[in-house]
Ligand code: PEP
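Residue numbers (this note's numbering): 9 to 269.
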């Protein structure tokens with residue numbers, strides 16, 4: 009399981025320090041079997057990795073550029089993130105796709121660069137409300153997965169987490185039902201099998217859990233709260249959650265982590 013918090017463009021440095029202190033009080037530090045990641049703003053990343061270095065919490069960024077270095081004013085590279093001990097990076101969040109023109113092709117370049125720098129990408133996909141209601145949204149998700157992860161070999165793919173985040177459920181309080189989420193997670197796992205065929209059975213620890221599609225973590229994101237986390241996490245193809253709003257509330261995020269234990 010992977011439980012990740014996307015803090016978006018919230019929290020100053022001082023507020024980040026206070027939130028981390030509160031989180032450490034809420035999140036058990038012993039016998040924790042899930043990976044827990046927080047993704048604060050760029051300005052707080054170094055402080056976050058310093059503060060969390062002896063804890064079970066890991067730190068991720070919310071974006072990065074795909075080039076190693078160069079004349080790209082305002083951008084941050086994967087190597088720069090790794091240099092300050094970030095372990096994860098969110099790529100292709102719907103807010104980046106919607107407001108900053110990120111395409112599957114851009115997400116793909118970033119995913120390759122992240123893996124090359126030993127960062128674990130959390131690659132977001134998901135349909136808008138219009139796509140769900142009026143278009144072949146399953147085909148859209150299929151294309152997002154194929155194009156965003158194109159060219160990654162099985163070992164590289166095993167480092168990736170895919171986050172299914174229906175855009176209509178992000179920050180709206182409208183959560184996909186566990187069954188709706190499970191249906192799309194299953195579809196995403198099928199797409200991953202298509203990309204790298206292997207064993208069909210054995211997900212979540214079964215004896216034949218050998219193929220990349222079985223190993224890769226598929227997270228759900230969209231208005232996850234303590235009240236709905238457990239049921240979502242119980243779905244067979246849901247291997248964690250990407251939490252926005254509720255990750256800014258230490259008690260709520262702590263409850264979500266506990267729901268995964
Ligand atoms: C997100 O931003 O990735 C997200 C899922 O937000 P929220 O939990 O607030 O819907």
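Glycine included, each C-beta is placed from N, C-alpha and C at the ideal position.
Rounded to whole angstroms, the separation of the alpha carbons of residue 222 and residue 197 is 8 Å.
If you ignore the 5 residues before and after residue 150, its C-beta comes within less than 8 Å of the C-beta of 195 and 199, all in its own chain and listed in chain order. Taking a C-beta distance under 7 Å as the contact criterion, residue 122 and residue 153 do not qualify as a contact pair. Exclusion of the five residues before and after residue 176 leaves 136, 137, 140 and 182 as the residues of its chain whose Cβ lies within less than 7 Å of its Cβ. Here residue 147 is exposed: its Cβ has fewer than 16 other Cβ atoms, across all protein chains shown, within 10 Å. Per DSSP, residue 245 lies in no alpha helix (DSSP H) segment and is marked neither H nor E. Cα atoms of residue 224 and residue 65: separation of roughly 20 Å, rounded to the nearest angstrom. A distance of 7 Å or more separates the beta carbons of residue 13 and residue 265. DSSP, reduced to helix, strand and coil, places residue 219 outside both helices and strands of the structure shown, so it counts as coil.
Residue environment analysis places residue 102 among the buried positions, since at least 16 neighbouring C-beta atoms fall within 10 angstroms of its C-beta.
Between residue 260 and residue 267, the gap from beta carbon to beta carbon reaches 7 Å or more. A Cβ-Cβ distance of about 5 Å is found for the pair residue 258 and residue 31, placing them in contact under the 8 Å criterion.
In this structure the segment 73-91 does not touch the segment 37-47; the number of beta carbon pairs closer than 8 Å is below three.
Counting of Cβ neighbours within 10 angstroms places residue 62 among the exposed residues, the total staying below 16. Within the chosen limit of 6 Å, ligand 1 does not reach the beta carbon of residue 206 with any heavy atom. Between ligand 1 and residue 97, a heavy atom-to-CB distance of less than 6 Å is absent. Beta-bridge analysis with DSSP links residue 226 to 170. Selection 129, 71 and 82 evaluated against residue 105 yields 71 as nearest (Cα-Cα).
Residue 110 counts as buried, since no fewer than 16 other beta carbons sit within 10 angstroms of its beta carbon. Within 6 Å of the C-beta of residue 250 there is at least one heavy atom belonging to ligand 1.
For residue 219, the number of other beta carbons within 10 angstroms of its own is at least 16, and it is reported as buried.
In the three-state reduction of the DSSP assignment, residue 160 falls in the coil class, being assigned neither a helical nor a strand state. Of the heavy atoms belonging to ligand 1, at least one sits nearer than 6 Å to the Cβ of residue 231. Approximately 5 Å separates the beta-carbon atoms of residue 132 and residue 100; this is inside 8 Å, confirming the contact.
DSSP, reduced to helix, strand and coil, places residue 38 outside both helices and strands of the structure shown, so it counts as coil. Secondary structure note for residue 91: its alpha helix (DSSP H) is the uninterrupted segment 86-91. Between residue 189 and residue 130 a beta carbon distance of about 16 Å is seen, past the 8 Å cut, so the two are scored as non-contacting. Per DSSP, reduced to three states, the secondary structure at residue 10 is strand.
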